[in-house]
Each structure stands twice: as C-alpha cells, then as structure tokens.
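In order, the protein sequences belong to chains A and B.
At position 109 of the first sequence the residue is numbered 109 (the UniProt record's numbering), and the sequence of numbers has no breaks.
At position 97 of the second sequence the residue is numbered 97 (the UniProt record's numbering), and the sequence of numbers has no breaks.
Number of protein chains: 2
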Amino acid sequence: MSLIQPNQIPFDDPQLTAIRADLVTALRGFLPEDAVLERTEEVQPYECDGLSAYRRLPLLVVLPRTVNEVQRILRLCHERRVPVVARGAGTGLSGGALPLNEGILLSLARFNRILELDPLARIARVQPGVRNLAITEAALPHGLYYAPDPSSQIACTIGGNVAENSGGVHCLKYGLTVHNVLALTFVSPEGELIELGSAALDSAGYDLLALFIGSEGMLGVVVEVTVKLLPIPERAQALLAAYADVEQAGRAVGAIIAAGIIPAGLEMMDGPAIQAAEDFVHAGYPTDAAALLICELDGTNQEVSEQVMQVRNLLLASGATEVRTSQNDAERLRFWQGRKSAFPAVGRISPDYYCMDGTIPRRALPEVLRRTAELSEEYGLRVANVFHAGDGNLHPLILFDSNQPDELERTEELGGRILELCVAVGGTITGEHGVGIEKINQMCVQFTPDELRQFHAVKAAFDPLGLLNPGKGIPTPRRCSEYRQLPTAGSKS
Amino acid sequence: MSLIQPNQIPFDDPQLTAIRADLVTALRGFLPEDAVLERTEEVQPYECDGLSAYRRLPLLVVLPRTVNEVQRILRLCHERRVPVVARGAGTGLSGGALPLNEGILLSLARFNRILELDPLARIARVQPGVRNLAITEAALPHGLYYAPDPSSQIACTIGGNVAENSGGVHCLKYGLTVHNVLALTFVSPEGELIELGSAALDSAGYDLLALFIGSEGMLGVVVEVTVKLLPIPERAQALLAAYADVEQAGRAVGAIIAAGIIPAGLEMMDGPAIQAAEDFVHAGYPTDAAALLICELDGTNQEVSEQVMQVRNLLLASGATEVRTSQNDAERLRFWQGRKSAFPAVGRISPDYYCMDGTIPRRALPEVLRRTAELSEEYGLRVANVFHAGDGNLHPLILFDSNQPDELERTEELGGRILELCVAVGGTITGEHGVGIEKINQMCVQFTPDELRQFHAVKAAFDPLGLLNPGKGIPTPRRCSEYRQLPTAGSKS
C-alpha cells in the first residue's frame, strides 16, 4: 500500500486554490455554467473509480458536450501544463480514472449519442460516453449486437472500454475491444483532432488504432468510436458441469479447446465462489462441488446440437460428477445467474474483497490454481476463484477485512504474488482490467528495463509533456528499481 | 515517376567504396565468410523486390544466422549511422525491401527454422525466414493450418507477412496477419532484444505488437514470431456466379454479407480478367460474363450445406446469369484456378501490368468499379479487376507497355487517381501490400499533416536516428507539400 497510495494535497491548499480559480475563469470563457464543477461537494463523486481503495479529489471537473470544447480544454491545459485525467462511467477496476489533486478530471458523460447505426455495413458510430449495453440495445431491432460484454456492461461506456481494451464472457470467441473497434477519433494533448483506422478492413500507416486501444487514457482523449456489430446467433445453449477437484476442471477446459470447439463462453468457479453465489441467488448450483464449469455454445441450430453433445462427452470423460444441459433460454440464464452475481455474492460473505485480473496460457490453469491455494494458506486469506477459463483470464477474489490491522497490506502483497505467478508461467498481469495505478509495480516484473523504455518512448511520441493520466500504466525506471529491491518482488532482468 | 524514382549513387563511387570496405572489415570480425556479400554480382539479386520497376544496388548484403549476429549488425550500423533495410523473400509489391545505395541489406533468409509447434495450445513459434506455406505444411499432420494466405504464400516469409500485415483470400473470415500473430521478438536499432505480446490472450502495457505488425520494417528487425494455428474446417465448398453487369456483382457481395454469412473467401473478377484467366488456364469460366464471383464457404457439414443453399439463392436473386456449385474438391480447386493465376494470365496479354491495392467500404464497390472504368477510358489504358470483394480489397491491374513513351508515367498517374478515389469513398490506399515506396505520395492524401506528424513521432520512439528502412511508408511533410501542389493530386486538409 505504502508504495502505491498517493500523497494527498488538501483541496483548499492555497496554491491549488489559486490555480483552480484561474483555470475556472479561463474555462468559463468557452464552457457553459454547468460544465465546470469546482466545489468540494461537486467534485467528490469523482474522487475514485471502481478501485475505491484509492481516492483523490480532483482540482476541478469539466463536463464538455462538443468535440470543440474538448479541444479547447486540452489546449488550455497544455498551455498551462495542467494534467488531465479522462473518465467514462468510472467502473474501471485498476484505478485508471483516479484523479490528481493538481489535475483536471475530464468526464465524457455528456458524449452519449449514437451518431450512426448502419445495419447493412454492420457498424455503429458512437460517442465515447455511450454505455456498452446501449449499443446492443440499439442494434437488437436489426438482429445485431456488440460482442464485448464486460460484467459492468449496463454502466460502463465504450470510451472506457477502448481505454482498457475490455473483454467479457464472450471474448473467447468474439475477441476483445481491439477486435471489435474499426476506427476512432481522439484529441491529442495539443488539442489536435486525429482519426485512426477506417471502416475498411485495413488502414495504411502504423496501426495506431490497436496501439491506442488499451492505452488507458495516456495517449489522447477519445471523442468518437466506430464499432463492428455482429448478427445474433440462431441459438445459444449452455452446459453446467460439477467437479470434485479444481485441477480436473482446469484440464477439462484444455480438452474442450483441443477438440476444436470455441465456446461463446467458458467460465469456471471454485468452491468458495459457488457457495457464495448459491447462498445469494439460489441458482441451483451443486454446493458440494469443488469447481463448476459453465460452457455456452452458440451458432446455427445444427452446429450447437453437435457441439453440445461433444462437450457433454468431454466433460464426463474429464471426471465431471454431474453435467446439466440447459433445456431452454430461462434455464441457460439461470446457469449464468450465479456466475454473473459472483462478485456481489462474495461481497456478502466478507467485509471487503479484492478482485485480481491475471491471464495465463490455458495449459497452466491446474498449476496456477494449486499454487494460488497454497499462497492463500500462506497468507491466511481466503481466495474465491471466478474466471474466464477459456481464455485463461483469472479473477481471484481475495477476501479480507480492511478494519483488521495489516489486512489490506497483506491482501495487496498476496495479490502481487498471484500476478507474479501468472507472469512466471508465461502469462500477463492483466486480462481486461488494465494496469492503472493498481498493477504498476507488477509491470516491473512483466517487462525488462529496455521494454519499459520503449513504452515511455511511445508515450512521449503522443504526449511529450506527460500531461495525460500521469503516473498510471507504465512505471518509471526509479519506481521499478525500488520495487525490485523489495523482498517479495519477482523480477525480469 | 520523377517524384518517386530514387537518385542512384554508382556502386563504385569512391566514398561508398571506402565505407563498404570499412564495414566489411568490421562485419567479418563476427560474421562467417559466407554471411557478407560485397561484390556487384553478389548484391545484384537484392536490387529490387516484387515491385521491380524500382531498383537500387545495396551497399552490401548480410545474411546472419543467429539473433546475436543480428544484434551485433544493428549495433554496428547504429554506431556508424548506416541505414538498414531488412528483407524476407522479396515478394513484396510496394517496394518495401528496396535497398539504399548507402545502406546495408539485411536478409533474414537463413532464419528458416520452425522452433516449436504445439498442437494442443495451437501455436507455432517460428523464425522470420520461414515461408508462410511451410507453417501450414508443418501443421497439417495435426489437423491444423495457418490462416493468412497471400497469393505469394509458396515463397513469402512470415517476417515479410508481419512487416506488411499480409492478408489473402481467407482474411475476410480469418483476419489479417495482425489477427493471427500472438507474439514476436525484435531487435531495436540499438541492438536490444524486445518481446511483444504473449501466448496469453491479452498483454499489459501499450499494444506494441499490433503497432509493429504492418510497420514495414521501420521500427525494428523481427527475429521470432509466434502464430496461432486453426483447425482445418470439416468441409469447404465453392460457388461460381456469372453476371452480365459488374455493378450487379458488386451488389451481390453486399447481399451475402448482409445475410449474416461470412464466406471463407469472396472474390470477384471483371470481364478482362476472366478472359485473360480463361485463355491461360482453361478453368471453364463463362467468358461472355462481365463479372464473376467466387464464394467459398467452410465449416461443419451442416453449416456449409445450409449456407451454400442460401448463397445460391442470393446470387440468383441478385441477377446472376449462371450459378455453379462445386460438387467435389477437384471442382472447387478448378473454380479457384483461374482466380489464383489471374496475375500471370494478365501478364500474358500485356507487355507490362501494374497491380494496385486499395480498400473500400463494401457499399462503395459498384461506384468505385464504375469510376475506375471511366478513368481507364480517360487515360486510354486497359484495367483488369481482380479482387477480394468480400472485404472491399481491390486489385486493379493496369495494362501498359513500358516501351511506349510516357506509358509508365501515365500508368502511375492513373494508379494514383484510383487510390485517391478509394480514399474519397472512405477507404484506404492499401489493403495488404503496404505503402513502401510505391504509395508514399498517396499517404499525403490519406492523412492530414497532424496525423503524419503523429506517425513520425512514433517512428522516432523506436528509431530516433531513422536508420531502419528510411524513405518508406511515411512521407515527410516536404514531400507532401510538393505532392499536394501537383494538379492531379487529391488532398486531405
């Protein structure tokens, strides 16, 4: 905690107050009254995102409505060297939208219009503040939907999805945000408007579109996004399998993929997660199981029928004690209900929990599950595992009580160890939640100094003054050399 | 031509000769005898790539065998400020591997080993000089293949595919190189070894992997590539449809995609291309047709059966005068035979031809085909159209005779006009052949000065001294301001 938790400058610090007053005057010159928030109670709701352990009051908050306003805000901040943190719905889990006491918080909440939806070309052109699910809702009447579906999809915005390269249950088959965005427009720190990508399949020049997606608000502020829409599959069916052993379930995942099947979703929960979910939503899960797999298949009628049979056989052959197949859509949704409410369910059985996000090659699943259980024992902290098993994206939930002395610190240390275990087996420290402020130390484990230097050089190519979301995503060499000296830290030399 | 054709420095220029001698001495310090080529007749085979209208002798050629040798070569060139052009098989069509008289040509031909093939994880780790088709050949015994299939796949290498982000007939369904590469290792201009991506689904930090793919050898030298392998589909079947009108065929393409079908390939040829192909390989094409569509479907038996019926109905409804369905694999391959030999077939009926590569939104197909015909008329040059219709990637072939005064110049001008037409309808100037030296002027039409500045900044973040493949891909502001003053040039302000 001590390494990460930022220093706080009081909101009423005289120097900050003077800077704030000057900026507000300049901003009101081109922004309407309601687009600048400057009082403590007004800026308070923006002090944190979904990683609420970290909080900081921003210098002030701006809520522009037009691209031109965003350009003028960034130009002003550039002239005056004021840092800027952009924010969508604030559902991020790695602190990417944590403000700076001395910086502006730029909310894109008012960029909430769908500008174009072309069912023939199967694209939607939207503003960044449009909610993920709102795109699908607008596309449904045309038999289309937007595939990436983070669990926060009711609330999270497409701009935030671009910043974090968000995934979801369906990304195993349909890809991450980067695979579903065709083009975007952003404003550079100097206030220039830049278009990346195109509605055509490929684009000339360096692939800055893919570079930009997942760059966590550090390269520019997105003001428009063009996404691909997909046709709704003819049929979807789910299987639920119970196991007496977590590693067996891990091996079943490998067997399904090896058989040439790409499920629309392939999710796993371990004993503590099953118990918590069942107590909460009564989905009818077998509560004596050590692990549960949920496998959803979609496609044509025939294809789904064949694959359901095949998966059922694979699950039984891999040692499942019970396999259920959904007989209708209501049952399919019930299978998912427990999984989808696993996070709040765990929230009910523990004062606090900390959601991790590591990604590993699928073959390492059994080993990582075993080592995580050992680490949980070592630290005396319960860990519930809920994850996108098909693509090796783990979400271990560490249960703790922040009122107990040291528990938050031990939790963070255990979390760090789990992430470093992911790196050690050839995986990465984030699947879909981003690095933000949360995993900045583990970046020192994931990457060599040369690799980190390359990241900084790319950052400087977009934002030479370092004004966009400073302190997030890419650690400084100094932070890394400090972190590498800690006794618990892994290393990559 | 005059704007592009580079100045030539004679191979025996005294200053070049002195630099060459010094470099050879230094290189022989750590490279074996056969890894350095310095005589005219030795370097001559490297004077051009597939865009043979442009030729330049390199200062010398190096053929390293190990990663360490590549690092030492780049370090030496960095110390002495010698430019480096990397080369795979030299099949590129945009002059990306055209050497510099004052620079080293670095051939990766000896990096031709498949390092690992894991059928369970469905990945192959290969050296960059491995041929595209060799990966599929190695994977076939496991029921797997590597999806991107440029028409040069017998010869072209995966390193070159990474440089150009190559596509092929199957990229409509299975994506470009960027969608099929999981990780790579490259050597920076300073000789550092950097890994990008991972075998896991996502990677932390900026997405430099996607940025690197398609960067045309300007950001680093690739020394290892990890690719995804896909299971061979159970069944593939093709349909051949003839049309009396090119625009009708264009609309049929839109209708197939709008119906929710993603063919494994959806290709189109116009009258002149059909005629040339039929005269050459006698595939049995209806030679009186104004346009031909070839649509391949793959997947499970049932899925293909259903889609073949659906596509057949769509083709007939869209005005096809004839629709054939392949009854077996031999017939399917015969359908493809004419398409696959279209380029050499056109080569037989014209002394020279120039292959373009633009990409447009599918809805613009009919309009672009009509405007291309008008331009062909205006310039008095025949144009045969052969292209990946499903993803809007056009390959107009301009037929000319370089022995006629002015014909090459007029051809290049017509080519430029066609590319600018692609930009005007919302497309891009390259689909899969890259920019290289060929399309550098059209980059000024595609991008604004601000966007080009951003490209240069990214280039500088990888290669601050500009030693890797200088003069390719991204035009300088000066070249663009000169080009924009030409009377025929389009513009993007």
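Glycine included, C-beta positions come from ideal geometry on N, C-alpha and C.
Note that this is a predicted model, so its numbers are computed, not measured.
Comparing C-alpha positions only, which one of B/Gln-485, B/Pro-449, B/Phe-462 sits nearest to B/Pro-475? Numbered from 1 along the second sequence, position 475 holds the residue referred to as residue 475 of chain B. Here the closest residue by C-alpha is B/Pro-449.
Going by CA-CA distance only, name the one from B/Phe-462, B/Lys-472, B/Gly-473, B/Arg-484 that's closest to B/His-78. Taking the second sequence and counting its residues from 1, one reaches residue 78 of chain B at position 78. Selected option, being the one with the closest Cα: B/Phe-462.
Considering only residues of the segment 394-450 of chain A, which uninterrupted alpha helix (DSSP H) runs meet the minimum length of 4 residues and lie entirely inside it, listed in chain order? Look at the segment 394-450 of chain A and you find these whole runs of alpha helix (DSSP H), each 4 residues long or longer: 407-424, 440-446.
For B/Leu-211, which residues in chain A fall below 9 Å Cβ to Cβ? As a working mapping, residue 211 of chain B is identified with position 211 in the second sequence. Within 9 Å Cβ-Cβ: Tyr-206, Asp-207, Leu-208, Ala-210, Leu-211, Val-458.
Note down, in chain order, every chain A residue with its Cβ under 9 Å from the Cβ of B/Val-435. In the second sequence, the residue the question calls residue 435 of chain B occupies position 435. Simply Ala-204, Gly-205.
Where the beta strand (DSSP E) containing B/His-388 begins and where it ends: The sequence position of residue 388 of chain B within the second sequence is 388, counting from 1. It spans 383-388 - the beta strand (DSSP E) in which B/His-388 sits, taken as one unbroken run.
Nearest by alpha-carbon distance to A/Val-221: which of A/Leu-193, A/Leu-293, A/Phe-447, A/Ala-204 is it? Within the first sequence, the letter at position 221 stands for residue 221 of chain A. Taking only the C-alpha atoms, the option nearest A/Val-221 is A/Leu-193.
Taking 8 Å as the threshold (beta carbon to beta carbon), is B/Arg-75 in contact with chain A? Within the second sequence, numbered from 1, the residue matching residue 75 of chain B stands at position 75. At a cut-off of 8 Å between beta carbons, B/Arg-75 makes no contact with chain A.
For A/Cys-295 and A/Pro-344, which I take to be in contact (beta-carbon distance under 8 Å), what is that distance rounded to the nearest angstrom? Looking up residue 295 of chain A in the first sequence gives position 295. Looking up residue 344 of chain A in the first sequence gives position 344. Not a contact, Cβ separation roughly 23 Å.
What does the alpha-carbon distance come out to for the pair B/Asp-406 and B/Gly-380? Residue mapping note: residue 406 of chain B aligns to position 406 of the second sequence, counting from 1. Residue mapping note: residue 380 of chain B aligns to position 380 of the second sequence, counting from 1. Whole-angstrom Cα-Cα distance: 12 Å.
B/Asp-450 touches chain A at which residues, Cβ-Cβ below 8 Å? Stepping through the second sequence from its first residue, residue 450 of chain B is reached at position 450. Neighbours of B/Asp-450 in chain A, taken as residues at a C-beta separation under 8 Å, are given in chain order as Ser-188, Glu-192, Leu-193, Ile-194.
In whole angstroms, what separates the C-alpha of B/Lys-492 from that of B/Val-423? Position 492 of the second sequence, counted from the start, is the residue given in the question as residue 492 of chain B. Position 423 of the second sequence, counted from the start, is the residue given in the question as residue 423 of chain B. Here B/Lys-492 scores only 44 on pLDDT, less than 50, and its place in the model is too uncertain to base an answer on.
Under the rule that 16 or more other beta-carbon atoms within 10 Å means buried, what is A/Leu-120, buried or exposed? The residue labelled residue 120 of chain A in the question sits at position 120 within the first sequence. Result: exposed.
Can you list, in chain order, the residues of its chain whose CB lies under 6 Å from that of A/Phe-111, leaving out five sequence neighbours each side? Position 111 of the first sequence, counted from the first residue, corresponds to residue 111 of chain A. Excluding residues within five positions, the ones whose Cβ falls inside 6 Å are Gln-127, Pro-128, Gly-129.
Within 10 angstroms of its Cβ, does A/Leu-3 collect 16 or more other Cβ (buried), or is it exposed? Your numbering for residue 3 of chain A matches position 3 in the first sequence. Its pLDDT being 37, under 50, A/Leu-3 is placed unreliably by the model, and nothing is read from it.
Return the CA-CA distance between B/Val-425 and B/Pro-361, expressed in angstroms with no decimal places. As a first step, residue 425 of chain B must be located in the second sequence, where it is residue number 425. As a first step, residue 361 of chain B must be located in the second sequence, where it is residue number 361. Approximately 8 Å, taken between the alpha carbons.
List, in chain order, every chain B residue whose beta-carbon is nearer than 8 Å to that of A/Val-178. As a working note, residue 178 of chain A is residue 178 in the first sequence. Simply Asp-207, Ala-210.
Verify the CB distance criterion: does A/Phe-455 have a CB-CB separation below 8 Å to chain B? In the first sequence, residue 455 of chain A corresponds to position 455, counting from 1. It does: the Cβ of A/Phe-455 has a partner Cβ on chain B nearer than 8 Å.
Leaving out five residues before and five after A/Ile-9 in sequence, what residues of the same chain have Cβ atoms less than 8 Å from its Cβ? Counting from 1 along the first sequence, the entry for residue 9 of chain A is found at position 9. Cβ neighbours of A/Ile-9 beyond the five flanking positions: Leu-16, Asn-101, Glu-102.
How would you label A/Gln-485, buried or exposed, when you count the other beta carbons within 10 angstroms and need 16 or more for buried? Translated into positions along the first sequence, residue 485 of chain A becomes position 485. Per the 10 Å Cβ criterion, exposed.
Would the segment 345-353 of chain B count as touching the segment 276-295 of chain B if we require 3 or more Cβ pairs under 8 Å? Enough Cβ pairs lie closer than 8 Å, so yes.
Please report the straight-line C-alpha distance between B/Ala-273 and B/Cys-48, rounded to a whole angstrom. Your numbering for residue 273 of chain B matches position 273 in the second sequence. Your numbering for residue 48 of chain B matches position 48 in the second sequence. Rounded to the nearest whole angstrom, the CA to CA distance from B/Ala-273 to B/Cys-48 is 27 Å.
Count the other CB atoms, across all protein chains shown, that sit within 10 Å of the CB of A/Ile-261; report buried if there are 16 or more and exposed otherwise. For the purposes of this step, residue 261 of chain A is taken as the residue at position 261 of the first sequence. The residue in question, A/Ile-261, is buried, as its Cβ has 16 or more Cβ neighbours within 10 Å.
Which term fits B/Pro-45, buried or exposed, when burial requires 16 or more other beta carbons within 10 angstroms of its beta carbon? As a working mapping, residue 45 of chain B is identified with position 45 in the second sequence. Exposed is the call here.
Any contact between the segment 220-237 of chain B and the segment 302-311 of chain B? By contact I mean 3 or more CB pairs, one from each, below 8 Å. The answer is yes - the segment 302-311 of chain B touches the segment 220-237 of chain B, with three or more Cβ pairs under 8 Å.
Return yes when the Cβ of B/Cys-156 is within less than 8 Å of the Cβ of B/Arg-131, no when it is not. For the purposes of this step, residue 131 of chain B is taken as the residue at position 131 of the second sequence. For the purposes of this step, residue 156 of chain B is taken as the residue at position 156 of the second sequence. Result yes, Cβ atoms of B/Arg-131 and B/Cys-156 sit closer than 8 Å.
A/Arg-371: contacting residues in chain B (beta-carbon distance under 9 Å): As a first step, residue 371 of chain A must be located in the first sequence, where it is residue number 371. For A/Arg-371, there are no neighbours in chain B by C-beta distance under 9 Å, as the nearest C-beta there is about 16 Å away.
Rounded straight-line distance, which links the Cα of A/Val-61 to that of A/Arg-468: As a working note, residue 468 of chain A is residue 468 in the first sequence. As a working note, residue 61 of chain A is residue 61 in the first sequence. According to the sequence provided, residue 468 of chain A is Leu. The question's Arg does not apply to it. Going from the Cα of A/Leu-468 to the Cα of A/Val-61 covers about 15 Å.
Note down, in chain order, every chain A residue with its Cβ under 8 Å from the Cβ of B/Leu-120. For this step, residue 120 of chain B is matched to residue 120 along the second sequence. Correct list: Gly-254, Ala-258, Arg-363.
Beta-carbon contacts of B/Leu-106 that lie in its chain and below 6 Å, excluding the five residues immediately before and after: Within the second sequence, the letter at position 106 stands for residue 106 of chain B. Val-62, Val-84, Ala-86, listed in sequence order.
Going by DSSP, which residues form a beta bridge with A/Met-268? In the first sequence, the residue the question calls residue 268 of chain A occupies position 268. A/Met-268 pairs with A/Leu-293, A/Phe-387.
Going by C-alpha to C-alpha distance, which of A/Leu-76, A/Ser-94, A/Ile-398 sits closest to A/Val-435? Reading the first sequence from its first residue, position 435 is the one you call residue 435 of chain A. Taking only the C-alpha atoms, the option nearest A/Val-435 is A/Ser-94.
Could you list which residues in chain A have their beta carbon closer than 7 Å to that of B/Ala-199, in chain order? Residue 199 of chain B sits at position 199 when you count from the first residue of the second sequence. In chain order: Pro-361, Gly-426.
Test item: CB-CB of A/Met-356 and A/Gly-415 under 8 Å: Counting from 1 along the first sequence, the entry for residue 356 of chain A is found at position 356. Counting from 1 along the first sequence, the entry for residue 415 of chain A is found at position 415. In this structure, A/Met-356 sits near A/Gly-415, with a CB-CB distance shorter than 8 Å.
Cut-off 6 Å between Cβ atoms - residues of its own chain near B/Thr-321, not counting five sequence neighbours on either side: Position 321 of the second sequence, counted from the start, is the residue given in the question as residue 321 of chain B. Hits under 6 Å: Ala-242, Ala-244.
Pop quiz: A/Ala-204 and B/Thr-430 are said to be a contact at Cβ under 8 Å. What is the actual Cβ separation, rounded to whole angstroms? As a working note, residue 204 of chain A is residue 204 in the first sequence. As a working note, residue 430 of chain B is residue 430 in the second sequence. Right, the Cβ-Cβ distance comes to about 5 Å (below 8 Å), so this counts as a contact.
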